[in-house]
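Colleague:
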Amino acid sequence: MFELDVLECPVCRGPMKIIAEITEPKVIKQFLATMDLPTEMPEVDRARPPPQLDFDWPEDVEGPVPAAPPFDGP
Ligand SMILES: [Zn+2]
44 MFELDVLECP VCRGPMKIIA EITEPKVIKQ FLATMDLPTE MPEVDRARPP
94 PQLDFDWPED VEGPVPAAPP FDGP
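In terms of our numbering, the sequence shown is residues 44 to 117.
#1: Taking DSSP as the reference, what is the three-state secondary structure of T68?
#2: From R56, K69, G116, pick the residue whose C-alpha is nearest to that of R91; which is it?
#3: Since A111 and L96 are thought to touch, with beta carbons under 8 Å apart, how far apart are those beta carbons, to the nearest angstrom?
#4: Under 7 Å from any heavy atom of ligand 3, does the C-beta of G57 make it?
Quick look at the structure:
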């Protein structure tokens, strides 16, 4: 299930048909370059660190403060 129907024109919603299937990476790069589109993969951002599990309580808070689990960094 796709959000985009590749067989429907996004402008007039008329039917479209597949005229070619390009699977060769070298040809895909040439095709994209001809259309002035990026030919390299975008750089992937680093994964975010795990969310903070506990609040940093001030010293004068009464009651036990659960210790945060050890975190070895990303
Ligand atoms: Zn159209």
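For every residue, glycine included, the Cβ atom is placed at its ideal position computed from N, Cα and C. Computed from a prediction, not measured in an experiment: that's the story for all the values here.
Modeller: By the coordinates alone:
#1: What you label residue 68 is simply residue 25 of the sequence shown in a count that begins at 1. First, the residue type needs correcting, since residue 68 is Pro and not Thr in the sequence shown. DSSP places P68 in helix when its eight states are reduced to three.
#2: Numbered from 1 along the sequence shown, position 48 holds the residue referred to as residue 91. That would be G116, whose Cα lies nearest to the Cα of R91.
#3: Numbered from 1 along the sequence shown, position 68 holds the residue referred to as residue 111. Numbered from 1 along the sequence shown, position 53 holds the residue referred to as residue 96. Yes, A111 and L96 are in contact; Cβ-Cβ is about 6 Å, under 8 Å.
#4: What this structure holds is ligand 1, not ligand 3.
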